[in-house]
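Accompanying notes for the structure given below.
In the working numbering, the protein residues as written are 30 to 90.
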């Protein structure tokens, strides 16, 4: 399932929290790339798709 507007808002909150903790993450896109390296997301058409490994974190069936 590709991310929609609501998912991006949630990830924006994650980015803001990581920035407050001192991490140098500048955007949701950068977070997506990190999550791709972790195996939680894959590129899909014009967006991102959650992997089976990532589904348990995102509550996606």
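Heads up, the beta-carbon is just placed ideally off N, CA and C, and yes, glycines get one too. These figures come from a predicted structure and were not determined experimentally.
Review point. Which same chain residues, not among the five before or five after residue 48, have their C-beta less than 7 Å away from its C-beta?
Key: 54
Point to revise | Residue of 56, 75, 80 minimising C-alpha distance to residue 66 | key: 80
Check your understanding: So, helix, strand or coil for residue 55, using DSSP?
Key -> Correct three-state label for residue 55: coil.
Check your understanding: On the three-state DSSP scale, how would you describe residue 70?
Key -> strand
Review point. Between the C-alpha atoms of residue 44 and residue 64, what's the straight-line distance to the nearest angstrom?
Key: 12 Å
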